[in-house]
Amino acid sequence: MQLTERRALWPTIKPYLAVFDGPLALIVFLILSVSTICMFSAGLDAPGRFEGHMRNILISFVVMWIAAIMPPAMLMRIAVPLYTVGVALLIAVATFGIIKKGARRWVNVGVVIQPSELLKIALPLMLAWFFQKREGQLRWQEFAVAGVLLAIPVGLIAKQPDLGTAILVMSAGFYVIFLAGLSWKVLIGLAITGAASLPVVWSVLHDYQRQRVMTLIDPTTDPLGKGFHIIQSMIAIGSGGISGKGWMKGTQAHLEFIPERTSDFVFAVYSEEFGLVGNLVLLVLYLLLIGRGMLIAANGPTVFCRLLAGAITLIFFTYAFVNMGMVSGILPVVGVPLPYMSYGGTAFVTLSLGLGMLMSIQRHRKLVQS
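Residues 21 to 390 (my numbering) make up the sequence shown, in order.
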């Protein structure tokens, strides 16, 4: 009797347990394994940081599972309300938000939250829903409306100011618009317009943002101030050589020359200890994750699924590219974490929510085929 009951129970609970996409889950596991090893070393002199990192991994797993069991139809239903709430909270931030370190990015709604993080997922959801509803009848007007839906939250976030998050949110929305079929002629026109407007953009940048750009061009102009982060991270990356100095043997990190070594600049710690070989391993893992995500996007059963999966995948590319670029001195420092490597609960939750949606799309496709 008990054996029969167990056999009857398994088909009931199986849909809630077997929700993860195997290849994607394996890649994420490998990245998190590298992350755990690196964070143990980077957080050695920061009590509680490694434990917090492990807690964030556990929370992200739960978030990923919840998102994975949600069918794409439910994701479509929450797209508009989520976007609306997100924009409303951004307006609340601009009106009576909490100011910390000169930036107004938080609002108290019983708990203190940063609404801009919500838009990293809400915006691509909204735009994917928008293009799904207009499938087969896309004209320039539809792309213009999508541009407005994109510009509203990006403008509100940039005003806080939070350039790093604004870039990520703008990228997430732009990817959906591009994948929906935006003309190359329009893209070239936008690129020319953007280049021509650089003097105007420069004039409206905050002083610290201008300093970041100038520091990128020549960090040695202020080696003990604005250029310190970049100079020290570049020294750490270069000193790692081919095979690195060895785990927990990075002098730049453990002598505290690298600021924010467990968060934005964790890649410098990893590069110093594991060298070029370790960097190539990490790059391959990210490329595999992006490749698997794009494969899921290409096989999505609906326009909504394809656009959402493609945008989420390219968000990972943006995170990795911008972080590695700024730590290497190729891009300005904008405070973008390295996916699943940098310490930070918010980024873990956001990225895991996106991966869970990817797994939901893949699982739904299999159910439709069967």
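Glycine included, C-beta positions come from ideal geometry on N, C-alpha and C. In this text, all values refer to a predicted model and were calculated from it rather than measured experimentally.
Please report how far the alpha carbon of residue i lies from the alpha carbon of residue j, in whole angstroms.
i           : j           : result
residue 66  : residue 270 : 15 Å
residue 148 : residue 308 : 24 Å
residue 362 : residue 157 : 42 Å
residue 239 : residue 123 : 24 Å
residue 297 : residue 343 : 19 Å
residue 126 : residue 341 : 27 Å
residue 163 : residue 385 : 27 Å
residue 190 : residue 199 : 14 Å
residue 268 : residue 294 : 10 Å
residue 45  : residue 177 : 32 Å
residue 214 : residue 241 : 28 Å
residue 130 : residue 212 : 45 Å
residue 347 : residue 51  : 19 Å
residue 283 : residue 364 : 7 Å
residue 48  : residue 117 : 35 Å
residue 306 : residue 336 : 8 Å
residue 274 : residue 261 : 18 Å
residue 120 : residue 182 : 12 Å
residue 152 : residue 197 : 12 Å
residue 76  : residue 54  : 15 Å
residue 154 : residue 369 : 31 Å
residue 277 : residue 252 : 6 Å
residue 88  : residue 150 : 22 Å
residue 21  : residue 39  : With a pLDDT of 45 at residue 21, under the threshold of 50, the modelled position of that residue is not reliable, and no figure is offered here.
residue 90  : residue 354 : 33 Å
residue 70  : residue 63  : 6 Å
residue 299 : residue 349 : 16 Å
residue 326 : residue 247 : 42 Å
residue 401 : residue 310 : The first residue shown for the chain is 21 and the last is 390, placing residue 401 beyond what the model contains.
For the beta strand (DSSP E) that residue i lies in, which residues bound it at each end?
i           : result
residue 123 : 123-128
residue 119 : 118-120
Suppose contacts are defined by Cβ-Cβ distances below 8 Å. Is residue i in contact with residue j by that definition?
i           : j           : result
residue 379 : residue 41  : yes
residue 328 : residue 83  : no
residue 339 : residue 358 : yes
residue 102 : residue 166 : no
residue 301 : residue 184 : no
residue 96  : residue 324 : yes
residue 249 : residue 194 : no
residue 419 : residue 140 : For residue 419 there is no data in the structure shown, the boundaries of the chain being 21 and 390.
residue 331 : residue 192 : yes
residue 381 : residue 144 : no
residue 376 : residue 160 : no
residue 205 : residue 114 : no
residue 272 : residue 256 : yes
residue 68  : residue 173 : no
residue 221 : residue 146 : no
residue 43  : residue 383 : no
Provide the residue span of the alpha helix (DSSP H) that contains residue i, from first to last.
i           : result
residue 137 : 136-153
residue 272 : 271-274
Quick check: is any heavy atom of the ligand COA less than 7 Å from the C-beta of residue i?
i           : result
residue 184 : Absence of the ligand COA from the depicted structure is noted, as is the absence of any ligand whatsoever, leaving it without description.
Hey, which unbroken runs of the alpha helix (DSSP H) at 4 residues or more fall wholly within the segment 283-350?
-> Here the runs fully enclosed are 286-318, 323-347.
Any chance you could list the alpha helix (DSSP H) runs of at least 4 consecutive residues sitting entirely within the segment 29-108, in chain order?
-> Entirely contained in the segment 29-108, the alpha helix (DSSP H) runs reaching 4 residues are, in chain order, 42-62, 69-89.
Can at least three beta-carbon pairs, one atom from the segment 99-114 and one from the segment 134-154, be found at a separation below 8 Å?
-> The segment 99-114 is in contact with the segment 134-154.
Looking at C-beta atoms only, is the number of pairs between the segment 52-69 and the segment 278-296 that lie closer than 8 Å three or more?
-> By the C-beta criterion, the segment 52-69 is judged to be in contact with the segment 278-296, since at least 3 inter-stretch pairs fall below 8 Å.
Could you name each continuous alpha helix (DSSP H) segment of 4 residues or more that falls completely within the segment 353-381, going from the start of the chain to the end?
-> Within the segment 353-381, no alpha helix (DSSP H) run of at least 4 residues lies entirely inside it.
Whole beta strand (DSSP E) elements within the segment 242-268, 3-residue minimum | For the segment 242-268, not a single whole beta strand (DSSP E) run of length 3 or above is found.
Along the chain, which unbroken stretches of the alpha helix (DSSP H) at least 4 residues long are found entirely within the segment 162-242?
-> Taking only runs of at least 4 residues, the alpha helix (DSSP H) segments lying wholly in the segment 162-242 are 183-199, 204-216, 218-224, 227-237.
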